[in-house]
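*Asks:* Below is a structure I'd like to ask you about.
2 protein chains.
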Amino acid sequence: MMMKTLVALLLVATIAATAHASGEEEYEIFPLQLNSGAASEDATLQGITCSSWRLAVEVHNIIEWSTVPAECENYIGHYMQIPKYRQDSKAVNREAYLWVRTVPLPRDGRNIWIFDIGETTLSNLPYYSQNGFGVHKFNSTLFDAWVEKGVAPVLPETLKLYNKLLNLGIKIVFLTGRTVSQTDVTVENLKRAGYHTWEKLILKDPKEYSGKTALEYKSAERVKLEKQGYRIIGNTGDQWSDILGPAAGRRTFKVPNPMYYIS
Amino acid sequence: MMMKTLVALLLVATIAATAHASGEEEYEIFPLQLNSGAASEDATLQGITCSSWRLAVEVHNIIEWSTVPAECENYIGHYMQIPKYRQDSKAVNREAYLWVRTVPLPRDGRNIWIFDIGETTLSNLPYYSQNGFGVHKFNSTLFDAWVEKGVAPVLPETLKLYNKLLNLGIKIVFLTGRTVSQTDVTVENLKRAGYHTWEKLILKDPKEYSGKTALEYKSAERVKLEKQGYRIIGNTGDQWSDILGPAAGRRTFKVPNPMYYIS
Numbered sequence: 001m002m003m004k005t006l007v008a009l010l011l012v013a014t015i016a017a018t019a020h021a022s023g024e025e026e027y028e029i030f031p032l033q034l035n036s037g038a039a040s041e042d043a044t045l046q047g048i049t050c051s052s053w054r055l056a057v058e059v060h061n062i063i064e065w066s067t068v069p070a071e072c073e074n075y076i077g078h079y080m081q082i083p084k085y086r087q088d089s090k091a092v093n094r095e096a097y098l099w100v101r102t103v104p105l106p107r108d109g110r111n112i113w114i115f116d117i118g119e120t121t122l123s124n125l126p127y128y129s130q131n132g133f134g135v136h137k138f139n140s141t142l143f144d145a146w147v148e149k150g151v152a153p154v155l156p157e158t159l160k161l162y163n164k165l166l167n168l169g170i171k172i173v174f175l176t177g178r179t180v181s182q183t184d185v186t187v188e189n190l191k192r193a194g195y196h197t198w199e200k201l202i203l204k205d206p207k208e209y210s211g212k213t214a215l216e217y218k219s220a221e222r223v224k225l226e227k228q229g230y231r232i233i234g235n236t237g238d239q240w241s242d243i244l245g246p247a248a249g250r251r252t253f254k255v256p257n258p259m260y261y262i263s
Numbered sequence: 001m002m003m004k005t006l007v008a009l010l011l012v013a014t015i016a017a018t019a020h021a022s023g024e025e026e027y028e029i030f031p032l033q034l035n036s037g038a039a040s041e042d043a044t045l046q047g048i049t050c051s052s053w054r055l056a057v058e059v060h061n062i063i064e065w066s067t068v069p070a071e072c073e074n075y076i077g078h079y080m081q082i083p084k085y086r087q088d089s090k091a092v093n094r095e096a097y098l099w100v101r102t103v104p105l106p107r108d109g110r111n112i113w114i115f116d117i118g119e120t121t122l123s124n125l126p127y128y129s130q131n132g133f134g135v136h137k138f139n140s141t142l143f144d145a146w147v148e149k150g151v152a153p154v155l156p157e158t159l160k161l162y163n164k165l166l167n168l169g170i171k172i173v174f175l176t177g178r179t180v181s182q183t184d185v186t187v188e189n190l191k192r193a194g195y196h197t198w199e200k201l202i203l204k205d206p207k208e209y210s211g212k213t214a215l216e217y218k219s220a221e222r223v224k225l226e227k228q229g230y231r232i233i234g235n236t237g238d239q240w241s242d243i244l245g246p247a248a249g250r251r252t253f254k255v256p257n258p259m260y261y262i263s
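Here the protein sequences come in this chain order: A and B. According to the UniProt record's numbering, the first sequence is numbered sequentially starting from 1. According to the UniProt record's numbering, the second sequence is numbered sequentially starting from 1.
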C-alpha cells in the first residue's frame, strides 16, 4: 500500500511538472510534503463510507458542511493525490469542450466563459496537504499567506479547456472569491500557471459584498456581465455557489472538490 | 475476481431478502441472472474512466445522454451489484433524515415529501441486469412488460427514510413517470415492497402531458400540490428532472442512478 502511494505521489509530481511546461522553475511544493493523506482505505463514519460522503458532496446532497469529517482525512488526501482526482476533472472539462464545439456562436466578440480560480483553474492542494485536506477549520490568515505566495499550481485539465475555448474565439472571465487586494499576485500566479490572457479578472470587493454569500456575489457579478452585453456560454467552478443563481450560463460545469464548501 | 463478484451477488440477494421483511414470497428475480456486469475493472472510454463518467453523470455535468457507453457496461453492472450502490444511496437518505429532523414543522398536516418511484423507491435493476445495465437503447415495450409484473424490489435505504418521515408526521407523495394505466400494478408493487401508505400517488396522464418533458410534467404537478396548500419539505429522485424546476422543495436529494437519463 505504501509503495502504491509512493508511486502515485511520484506520478502527481510528474504530472505537475509536465503540465507546467511554460514555467522556468519548479513549484516548490511539488512533490507534496505530507502530514497525512497517505492511506487509501475507504474509512467509515457512522455507517457511511468516505467515498459515499464524497459523492454526496459532489452531487450537492450534503451541503453547508464546515469541514471534512476527521475519519475521511486519509481517504480524501489519497483521492486528491492519485490520478482519480485528475481523471474526474478531465471528464468534466472534456464534456464542456465536446458540448461547446457544437454550439453555434455569433461572431460578435461577446461570448464569454467564466472560470472560478481556487480548485478550478489553480490548485490549493499544496496548502491543503499541509492542513488536513479540509479536516481543519478554515484559517483565513494562513490561507491568505499561501495565496500571496503566488505559487498555486495549474489544474492542467482546466488549462486544456481554457486553451480550446480561446481557439474557438470565446473570451475568458475569471470570477473569484479572492479579494481585490490580491489582484497583483493573482495575475502573476495565473500567468505562471499558463493562463496568459483574459477579458476580465473579477475579484471580490469586500466593501461591496460585505455580509453577502459567494452565491450572491458571483450571481450579481454575472448579472453585471450580461448587462454589459456579454453572453455567458459556459461557467466552470468547483463550488455549487459558483454555478447556481441568476445568469449562471448556458451550461455549467462543476469540477471536483471534496476539501471545502463555500456557500 | 469471479469469486469476489459471486460473494457480492449473494450479498445483494441477502440484502434484498432481508429488506423485504414483510413479504411472504421472495422476488423471483433475486439473485440476478446476469448476461453482463460481472467484471469490476474500471474501463476507459476515449481517455475517461467509467468511474469518472459515472461521477460526471451524478453531478449533472454530463447531461442528455441516451445510453451508458458500451465500454462501461461491466463497470456499471458491477457498481449496481456491490454494496457501493447501496452505500451511496444510504449516504443520501441519511443526510435527508439528519436535515429534516432539525426542521421545525407546523403541525397542520400540510407537510409533504415527494418521492419518485423508479430507482428511487423501487428498483428496476432486475430488468436492467437483463438489458445491458443501460447500454441498450430504451425499449418501452419490454420495460412496460417488466413494470406490469409488479415485482420491482424495494430500495431499502429509501424505505428507511420513508418510515422515518411518516414518524415525523410528514405525508408522502409519490410522483412518477409511470402512466395512469399502471396505477393498480404500481399500488400493488409499492405495498409488496413495504410502502403501505401515502397521501397521493401521482402518475402521468399521457394526454395532459403529451410532448412535455419529465421536468415540465413533474414541475407542473408540484406547483399544483403547492396550490392545494401542501408544503413541499423535501423531494427525492434519481433524475435531475425530478428535482429541478419550480416548487422543487425546501431541499432536494438525488439518489444514484448511472443506468439511464430522463430529461
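By construction, the Cβ of each residue, glycine as well, lies at the ideal position given by its N, Cα and C atoms.
Does the contact criterion of 3 or more C-beta pairs under 8 angstroms hold for the region 56-70 of chain B versus the region 135-146 of chain B?
*Replies:* As far as the Cβ criterion goes, the region 56-70 of chain B touches the region 135-146 of chain B, which means the pair count is three or higher.
*Asks:* Whole-angstrom Cβ separation of Lys254 (chain B) and Gly237 (chain B), contact assumed at under 8 angstroms?
*Replies:* By one-based count along the second sequence, residue 254 (chain B) stands at place 254. By one-based count along the second sequence, residue 237 (chain B) stands at place 237. Their Cβ separation, rounded to whole angstroms, is 6 angstroms, which keeps Lys254 (chain B) and Gly237 (chain B) in contact under 8 angstroms.
*Asks:* Kindly list the residues whose CB is nearer than 6 angstroms to the CB of residue 266 (chain A), restricted to its own chain and excluding five residues on each side of it in sequence; keep chain order.
*Replies:* Limits of chain A in this structure are 1 at one end and 263 at the other, which puts residue 266 (chain A) out of reach.
*Asks:* Might you give, ordered along the chain, the residues of its own chain that have their beta carbon closer than 8 angstroms to the beta carbon of Ala96 (chain A), omitting 5 neighbours on each side?
*Replies:* As a working mapping, residue 96 (chain A) is identified with position 96 in the first sequence. Result list for Ala96 (chain A): Leu161, Gly234, Thr236, Arg251 and Phe253, in chain order.
*Asks:* Examine chain A for any beta-carbon lying closer than 7 angstroms to the beta-carbon of Trp65 (chain B), and answer yes or no.
*Replies:* Against the second sequence, residue 65 (chain B) aligns to sequence position 65. It does not; no Cβ of chain A falls within 7 angstroms.
*Asks:* Measure from the C-beta of Leu55 (chain B) to each C-beta in chain A and report whether the shortest distance is under 7 angstroms.
*Replies:* Residue numbering aside, residue 55 (chain B) sits at position 55 when the second sequence is read from its first letter. Closer than 7 angstroms to some Cβ of chain A, the Cβ of Leu55 (chain B) qualifies, so yes.
*Asks:* Is the region 82-95 of chain B in contact with the region 152-159 of chain B, if contact means three or more CB pairs nearer than 8 angstroms?
*Replies:* Yes: the two stretches touch, three or more of their Cβ pairs being nearer than 8 angstroms.
*Asks:* According to DSSP, simplified to helix, strand and coil, what is Phe30 (chain B)?
*Replies:* For the purposes of this step, residue 30 (chain B) is taken as the residue at position 30 of the second sequence. In this prediction, Phe30 (chain B) scores a pLDDT of 45, lower than 50, which makes its location untrustworthy; the coordinate-derived value is nonetheless stated afterwards. Looking at Phe30 (chain B) - three-state DSSP - the assignment turns out to be coil, as it is neither helix nor strand.
*Asks:* Taking Cβ positions only, does Phe253 (chain B) come closer than 7 angstroms to chain A?
*Replies:* Residue numbering aside, residue 253 (chain B) sits at position 253 when the second sequence is read from its first letter. Yes, contact with chain A.
*Asks:* Kindly indicate if chain B contains any beta-carbon less than 7 angstroms away from that of Val103 (chain A).
*Replies:* Counting from 1 along the first sequence, the entry for residue 103 (chain A) is found at position 103. So no, Val103 (chain A) is outside the interface.
*Asks:* For the alpha helix (DSSP H) that Trp99 (chain A) lies in, which residues bound it at each end?
*Replies:* Reading the first sequence from its first residue, position 99 is the one you call residue 99 (chain A). Pro83 to Val100 is the span of the alpha helix (DSSP H), which, as asked, contains Trp99 (chain A).
*Asks:* Starting from the N-terminal side, write out each stretch of the alpha helix (DSSP H) that is 4 residues or longer and does not extend beyond the region 113-142 of chain B.
*Replies:* For the region 113-142 of chain B, whole alpha helix (DSSP H) runs of length 4 or above, ordered along the chain, are 125-129.
*Asks:* Sort out for me which residues DSSP pairs Thr186 (chain B) with in a bridge.
*Replies:* The residue given as residue 186 (chain B) occupies position 186 in the second sequence. DSSP lists no partner for Thr186 (chain B).
*Asks:* Any chance the region 106-121 of chain A sits against the region 169-184 of chain A, with 3 or more Cβ pairs inside 8 angstroms?
*Replies:* Yes, since at least three Cβ pairs between the region 106-121 of chain A and the region 169-184 of chain A fall closer than 8 angstroms, the two stretches touch.
*Asks:* Would you call the region 43-52 of chain A and the region 82-92 of chain B touching, i.e. three or more CB-CB distances under 8 angstroms?
*Replies:* Yes, the region 43-52 of chain A is in contact with the region 82-92 of chain B.
*Asks:* For Val154 (chain B), which beta-bridge partners are listed by DSSP?
*Replies:* Counted from its first residue, the second sequence places residue 154 (chain B) at position 154. B:Leu122.
*Asks:* Return the Cβ separation of Leu215 (chain A) and Gly245 (chain A) in integer angstroms, given the expectation that the two are a contact with Cβ distance under 8 angstroms.
*Replies:* Counting from one through the first sequence, the residue named residue 215 (chain A) turns up at place 215. Counting from one through the first sequence, the residue named residue 245 (chain A) turns up at place 245. At roughly 5 angstroms, the Cβ-Cβ gap stays under 8 angstroms, so Leu215 (chain A) and Gly245 (chain A) are in contact.
*Asks:* What's the C-alpha gap between Ala247 (chain B) and Lys227 (chain B)?
*Replies:* Locating residue 247 (chain B) in the second sequence gives position 247, counting from the first residue. Locating residue 227 (chain B) in the second sequence gives position 227, counting from the first residue. If I take the Cα positions, the gap works out to 10 angstroms.
*Asks:* Of all the options A:Ser129, A:Arg231 and A:Asn61, which has the alpha carbon lying nearest to the alpha carbon of Pro106 (chain A)?
*Replies:* Along the first sequence, read from residue 1 onward, the residue named residue 106 (chain A) stands at position 106. When only C-alpha atoms are compared, the closest one is A:Arg231.
*Asks:* Could you tell me whether the Cβ of Ser52 (chain B) comes closer than 7 angstroms to any Cβ of chain A?
*Replies:* Walking along the second sequence from the start, residue 52 (chain B) turns up at place 52. Yes, Ser52 (chain B) lies at the interface with chain A (some Cβ there is under 7 angstroms from its Cβ).
*Asks:* Helix or strand or just coil, what does DSSP make of Val103 (chain A)?
*Replies:* By 1-based counting over the first sequence, the position of residue 103 (chain A) is 103. Residue state, collapsed to three classes: coil.
*Asks:* On the CB-based measure, 16 or more other CB atoms within 10 Å of its CB, does Pro180 (chain B) come out buried or exposed?
*Replies:* Within the second sequence, numbered from 1, the residue matching residue 180 (chain B) stands at position 180. Position check: residue 180 (chain B) holds Val in this sequence, whereas Pro was assumed. Exposed, because fewer than 16 other Cβ atoms sit within 10 Å of the Cβ of Val180 (chain B).
*Asks:* Give me the Cα-Cα distance between Leu122 (chain A) and Met80 (chain A), rounded to the nearest whole angstrom.
*Replies:* In the first sequence, counting from the first residue as 1, residue 122 (chain A) sits at position 122. In the first sequence, counting from the first residue as 1, residue 80 (chain A) sits at position 80. In a straight line, the C-alpha of Leu122 (chain A) is about 14 angstroms away from that of Met80 (chain A).
*Asks:* Compare the C-alpha of Tyr127 (chain A) against each of A:Glu119, A:Phe143 and A:Gly77 and name the closest.
*Replies:* Translated into the one-based positions of the first sequence, residue 127 (chain A) becomes position 127. It is A:Phe143 whose Cα lies nearest to the Cα of Tyr127 (chain A).
*Asks:* Return the residue from the list A:Glu199, A:Ala145, A:Leu190 and A:Lys149 that minimises the CA-CA distance to Ile170 (chain A).
*Replies:* Here residue 170 (chain A) refers to the residue found at position 170 when the first sequence is read from its first residue. It is A:Glu199 whose Cα lies nearest to the Cα of Ile170 (chain A).
*Asks:* Under 7 angstroms between the Cβ atoms of Glu58 (chain B) and Val59 (chain A)?
*Replies:* Position 58 of the second sequence, counting from 1, holds the residue named residue 58 (chain B). Position 59 of the first sequence, counting from 1, holds the residue named residue 59 (chain A). Yes; because the gap between Cβ atoms is below 7 angstroms, this pair is in contact.
*Asks:* Pick helix, strand or coil for Ile76 (chain B), following the three-state DSSP scheme.
*Replies:* Start at 1 with the first residue of the second sequence, and residue 76 (chain B) comes out as number 76. Here Ile76 (chain B) sits in helix by DSSP.
*Asks:* Out of A:Leu168, A:Asn74, A:Cys72 and A:Ile62, state which residue places its alpha-carbon closest to the alpha-carbon of Gly109 (chain A).
*Replies:* Looking up residue 109 (chain A) in the first sequence gives position 109. For the residues A:Leu168, A:Asn74, A:Cys72 and A:Ile62, the minimum Cα distance to Gly109 (chain A) belongs to A:Leu168.
*Asks:* Leaving out five residues on either side along the sequence, give the residues of the same chain with a beta carbon under 6 angstroms from the beta carbon of Trp240 (chain B).
*Replies:* What you label residue 240 (chain B) is simply residue 240 of the second sequence in a count that begins at 1. Counting only Cβ-Cβ distances below 6 angstroms, and skipping sequence neighbours, we find His60.
*Asks:* Are there 16 or more other CB atoms within 10 angstroms of the CB of residue 285 (chain A), so buried, or fewer, so exposed?
*Replies:* No information on residue 285 (chain A) is available, as it lies outside the stretch 1 to 263 that chain A covers here.
*Asks:* Closer than 6 angstroms by C-beta to Gly249 (chain B): which residues in its own chain qualify, once you throw out the five before and the five after it? Chain order, please.
*Replies:* As a working note, residue 249 (chain B) is residue 249 in the second sequence. Taken in chain order, the residues that qualify are Ile232, Gly234 and Asn235.
*Asks:* Are Asn189 (chain B) and Gly150 (chain B) closer than 7 angstroms when you measure CB to CB?
*Replies:* Within the second sequence, numbered from 1, the residue matching residue 189 (chain B) stands at position 189. Within the second sequence, numbered from 1, the residue matching residue 150 (chain B) stands at position 150. Yes. Within cutoff.
*Asks:* Determine the chain A residues that contact Asn61 (chain B) at a beta-carbon separation under 7 angstroms, and present them in chain order.
*Replies:* Against the second sequence, residue 61 (chain B) aligns to sequence position 61. Residues of chain A passing the Cβ test: Val92, Glu95, Phe253 and Lys254.
*Asks:* Please report how far the alpha carbon of Glu73 (chain B) lies from the alpha carbon of Leu55 (chain A), in whole angstroms.
*Replies:* Start at 1 with the first residue of the second sequence, and residue 73 (chain B) comes out as number 73. Start at 1 with the first residue of the first sequence, and residue 55 (chain A) comes out as number 55. So the two alpha carbons sit approximately 20 angstroms from each other.
*Asks:* I'd like the ranges of any beta strand (DSSP E) spanning at least 3 consecutive residues and lying wholly in the region 192-248 of chain B.
*Replies:* Whole beta strand (DSSP E) segments, 3+ residues: 200-204 and 231-237.
*Asks:* For a quick check, are the C-beta atoms of Gln185 (chain B) and Glu148 (chain B) less than 7 angstroms apart?
*Replies:* Numbered from its first residue, the second sequence carries residue 185 (chain B) at position 185. Numbered from its first residue, the second sequence carries residue 148 (chain B) at position 148. Sequence inspection shows Val at residue 185 (chain B); the Gln mentioned does not correspond to that position. Yes. Within cutoff.
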